[in-house]
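In case it helps, our numbering puts the sequence shown at residues 2 to 134. The beta carbon of each residue, even a glycine, is placed where N, CA and C say it ideally should be. This structure is a prediction, so every number in the text was calculated from the model and none was measured.
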Amino acid sequence: MKDSIKREQSQTGLNSAERENFGPKVKKFIEILNADAALKLLKAGKKLQGVLYIDESTGVLTYKPNNPPSKITKTDSLMGYTDFGRVTENSKFVKVYELYPKMMGVKRMSRAIDREADDVKDIIASREIIDRV
């Protein structure tokens, strides 16, 4: 049994399992839309994403490359600092970050929070004045 398998592999270069899975070699031609742009990307060493489909009008296997735009991360812009934090803004919100040490005690912490709220109001008002001018 082993001799027959070895003989078969030496004649074809493939064992029987590989022949069954791959079958005979078949060449397919694929029409690539925007081939110039696709080749430029491939030559630059980038990956090419796209859609492979059969065109209904021509019946040809067609590859349509699509290059989604790179994601732009929006960062918050800093409006100002307070004693225990900072104030930032993005397109939708004004964010206030405050951190208070526990060792301050409740009474001192509540006074600090009131002071910080006034500072935040001043920062937001001054930013609006600057934007209007």
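Put simply, the backbone Cα of Val107 is about 37 Å away from that of Lys75. For the pair Asp84 and Glu117, the Cα-to-Cα distance works out to about 7 Å.
Around the C-beta of Val88, 16 or more other C-beta atoms lie within 10 Å, and the residue is accordingly described as buried. For Met105, no alpha helix (DSSP H) segment is defined, and its DSSP state is neither H nor E. Here Tyr64 is near Leu53, since their CB atoms are less than 8 Å apart. As a beta-bridge residue in DSSP terms, Ile55 pairs with Leu62.
Distances from the CA of Lys47 to each of Asn67, Tyr101, Glu32 were compared; the closest alpha carbon is that of Asn67. Look at Leu34 here: in three-state DSSP terms it is coil, with no helix or strand label. Inter-residue distance for Ile125 and Arg133 is about 12 Å (C-alpha atoms, whole angstroms).
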